[in-house]
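Chains as they are written, first to last, in my numbering: chain A, 1245 to 1538; chain B, 1245 to 1538.
There are 2 protein chains.
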Amino acid sequence: MVARVRRFNRVVTQRVGALNDHFLSLGRPLGESRLLWEIGTEGRSVRSLRAQLDLDSGYLSRLLRSLERAGLVVTGPDQADRRVTVARLTQAGLAERDQLDRRADELAASLLDPLTERQRDRLVAAMSDVERLLTAAGVRVAPADPADAAARFCVGEYVAELNSRFDAGFDPARSIPAADADLRPPAGLMLVATLNGAPVGCGALKLHGTEPAEIKRMWVAESARGLGLGRRLLTELERRAATLGARVVRLETNQTLTEAIELYRSAGYTEVEAFDAEPYAHHWFEKTLPADAR
Amino acid sequence: MVARVRRFNRVVTQRVGALNDHFLSLGRPLGESRLLWEIGTEGRSVRSLRAQLDLDSGYLSRLLRSLERAGLVVTGPDQADRRVTVARLTQAGLAERDQLDRRADELAASLLDPLTERQRDRLVAAMSDVERLLTAAGVRVAPADPADAAARFCVGEYVAELNSRFDAGFDPARSIPAADADLRPPAGLMLVATLNGAPVGCGALKLHGTEPAEIKRMWVAESARGLGLGRRLLTELERRAATLGARVVRLETNQTLTEAIELYRSAGYTEVEAFDAEPYAHHWFEKTLPADAR
DNA sequence: ATGGTTCTCTGACTAGCATCAGAGAATGGA
DNA sequence: TCCATTCTCTGATGCTAGTCAGAGAACCAT
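This is how it looks when you write it as structure tokens:
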């Protein structure tokens, strides 16, 4: 299995990676081209570019200066926060970015070109699988403090989504509360999933000693669905609940969250009588954790 | 379709490419590590390294000098041709190469690690597909002179294979000859397929004006089977035969070449009476070229 | 207002990757 | 034997990528 992955790595870096770099440099250093691309049509703050491309601030500054000298970029202070510099593409910069776009299309087409129709279809299908699964493999799940920016972001998205999906909206003040302290060891814990540094999912646990633990705040970003992330978060929460003493985990959910309900059922949860008075819940589930996980 | 390929390129170069580079440099410049790897356990001539890695001779020399200084490599003149330098790994060099090997395994494992069993199986299956099809897309098919080294190599392999597969061996002297001149414009032509510079297949055409053209010397290297290369060569030969005036193409083959017979049938060839006295043939095929190809 | 923090920029520097020109040894064919 | 060619190496040189330290402006909480 590992040998197959290595073969894949070799072939792909040779055929795609090298070509990619070569195609995307239009007589310009690769770093500059990449930066030009990432600035995008709308312009971006230097701050966010630095975070995403993971570049040294001095280095990035120099790259920008070089693009500016070439007349492809203009920079200026951000209105809201004048420490922040915003970079925007000029007409010439936009034109060059378009050209990069076209080159990338050509590169992709050149990969497909020598193949028959059927081979192309199979290649594209296989590429989609690989891309999806590599993305899934790139998601990191780790405990986080509920007050962290990433955790806050996730919970905010979670609330917003419930509010848009529940028939009568969702007001967290009316729901059974889960304060930060409840989701922080030793009372509980919170897991946050990140992809390339951006938060894309979360899940939390309220512990009650050997009494059933409660699963809370299960959320997966729109962009990260179909990667099996919900199941991964759920499995990880169960594992941690078990090692922290729980023999049973339970949770409640709303009837509009059909994919979540499906997940719980397929993960071995069974529906039980209401065990609390959560006003937004229609279904209550619980699962006895396997003995070997405890 | 192109957009999907581009997504794939982005995700893969990010997750595989970058990691690859990072993993494979053990405190040593990437170029040196790669060179160390390519020298292999058996040692290689500087000449072949330069050809494969496509490096400047001065640059390569410097890299070798650096590895030599580090005690990982020894170089010496080749016995057969004392202009050529042969590089061999020392014990230390072999040990470092082993370590690179292990790192590459780790990298591959780290890609699979966060996934479930099922996801891994799917990922590996999709990777195999992508790898196979990208390899297929990397094969270049181009006309070549029958006297070129690559063409000679292919025909040599072709003869060797027939000799090993035919029940009574194969002696080209007893077969109907096809001299270089017959396979060179305007009398005919020869196509050679190469993968990363190495010849992996061939096919030839003997033209007879508007009379049926003959297909000869169809061969695909063991290592390049399953890529649809036989079909691609055949299609390309037919196309060229049509543009050069032929309305029909024909060929003869031996009963032991079952996959070739299958290819001809599925490509629309029908079996006909013997049209020549080729002693090694059991089946004679012909195909009328579609009018729009002429 | 003040002190700590955030953000960007400049200067100084290093390592790596690469190319070109030319020298010198070995080879092979006329 | 001689001349063209092949092969490798050294020297000179330039660009790219990236790091580190520190300065100065803007911001924010107190």
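Even glycine gets a Cβ: it sits at the ideal position worked out from N, Cα and C.
Please tell me whether residue i has its Cβ less than 8 Å away from any Cβ of chain A.
{"i": "B:R1366", "result": "yes"}
{"i": "B:P1358", "result": "yes"}
{"i": "B:A1391", "result": "no"}
{"i": "B:Q1363", "result": "yes"}
{"i": "B:G1400", "result": "no"}
{"i": "B:R1469", "result": "no"}
{"i": "B:E1375", "result": "yes"}
{"i": "B:M1462", "result": "no"}
{"i": "B:A1352", "result": "yes"}
{"i": "B:G1382", "result": "yes"}
{"i": "B:V1246", "result": "yes"}
{"i": "B:R1294", "result": "no"}
{"i": "B:S1289", "result": "no"}
{"i": "B:V1557", "result": "A question about residue 1557 of chain B goes unanswered here, because the residues of chain B that appear run from 1245 up to 1538."}
{"i": "B:G1441", "result": "no"}
{"i": "B:G1472", "result": "yes"}
{"i": "B:R1278", "result": "no"}
{"i": "B:R1341", "result": "no"}
{"i": "B:N1498", "result": "no"}
As a quick exercise: from the options, pick the residue whose alpha carbon is nearest that of residue i.
{"i": "B:P1429", "options": "B:A1324, B:I1505, B:D1389", "result": "B:D1389"}
{"i": "A:V1246", "options": "B:E1401, B:G1512, B:A1352, B:R1251", "result": "B:A1352"}
{"i": "B:A1370", "options": "A:V1256, A:G1302, A:R1306, A:A1395", "result": "A:V1256"}
{"i": "A:T1360", "options": "B:S1292, B:L1471, B:A1395", "result": "B:L1471"}
{"i": "A:A1395", "options": "A:P1443, A:R1272, A:D1411", "result": "A:P1443"}
{"i": "B:L1501", "options": "B:E1517, B:Y1402, B:P1534, B:A1535", "result": "B:Y1402"}
{"i": "A:T1319", "options": "A:A1295, A:G1287, A:Y1508, A:D1298", "result": "A:G1287"}
{"i": "B:R1362", "options": "A:R1366, A:A1348, A:L1367, A:A1380", "result": "A:A1380"}
{"i": "A:E1458", "options": "A:A1486, A:S1467, A:R1475", "result": "A:A1486"}
{"i": "B:R1366", "options": "A:S1310, A:V1260, A:V1249", "result": "A:V1249"}
{"i": "B:E1455", "options": "B:E1530, B:P1358, B:R1384, B:V1399", "result": "B:E1530"}
{"i": "A:R1306", "options": "A:A1324, A:G1271, A:G1275, A:E1522", "result": "A:G1275"}
{"i": "B:G1284", "options": "B:P1321, B:E1340, B:D1325, B:A1324", "result": "B:E1340"}
{"i": "A:S1354", "options": "A:L1263, A:A1518, A:D1520", "result": "A:L1263"}
I believe residue i touches residue j by the beta-carbon criterion, under 8 Å. Please report the beta-carbon distance rounded to the nearest angstrom.
{"i": "A:A1431", "j": "A:K1450", "result": "7 Å"}
{"i": "B:E1515", "j": "B:H1527", "result": "6 Å"}
{"i": "B:L1507", "j": "B:R1475", "result": "6 Å"}
Would residue i and residue j be called neighbours here (beta carbons separated by less than 8 Å)?
{"i": "A:T1364", "j": "A:L1356", "result": "It is worth fixing the name first, because residue 1364 of chain A is Arg in this sequence and not Thr. Cβ atoms of A:R1364 and A:L1356: closer than 8 Å."}
{"i": "B:L1435", "j": "B:E1480", "result": "yes"}
{"i": "B:Y1524", "j": "B:S1419", "result": "yes"}
{"i": "A:E1350", "j": "B:R1251", "result": "no"}
{"i": "A:A1448", "j": "A:A1422", "result": "yes"}
{"i": "B:G1382", "j": "B:N1440", "result": "yes"}
{"i": "B:L1477", "j": "B:A1437", "result": "yes"}
{"i": "A:L1533", "j": "A:A1504", "result": "no"}
{"i": "B:L1473", "j": "B:G1445", "result": "yes"}
{"i": "B:A1336", "j": "B:L1316", "result": "yes"}
{"i": "A:V1260", "j": "B:N1253", "result": "yes"}
{"i": "B:L1304", "j": "B:L1293", "result": "yes"}
{"i": "A:L1433", "j": "A:R1509", "result": "no"}
When the cut-off is 8 Å and only beta carbons count, does residue i lie next to chain B?
{"i": "A:L1355", "result": "yes"}
{"i": "A:L1378", "result": "yes"}
{"i": "A:T1257", "result": "yes"}
{"i": "A:A1388", "result": "no"}
{"i": "A:G1261", "result": "yes"}
{"i": "A:V1436", "result": "no"}
{"i": "A:A1348", "result": "yes"}
{"i": "A:S1372", "result": "yes"}
{"i": "A:R1484", "result": "no"}
{"i": "A:R1509", "result": "no"}
{"i": "A:V1249", "result": "yes"}
{"i": "A:N1407", "result": "no"}
{"i": "A:F1252", "result": "yes"}
On the three-pair Cβ rule with 8 Å, is the segment 1489 to 1498 of chain B touching the segment 1455 to 1473 of chain B? yes
Specify whether the segment 1323 to 1335 of chain B and the segment 1278 to 1291 of chain B touch according to this definition: at least 3 beta carbon pairs, one from each stretch, less than 8 Å apart. yes
Are three or more beta carbon pairs between the segment 1341 to 1351 of chain B and the segment 1254 to 1271 of chain B nearer than 8 Å? Of all C-beta pairs linking the segment 1341 to 1351 of chain B to the segment 1254 to 1271 of chain B, three or more are shorter than 8 Å, placing the two stretches in contact.
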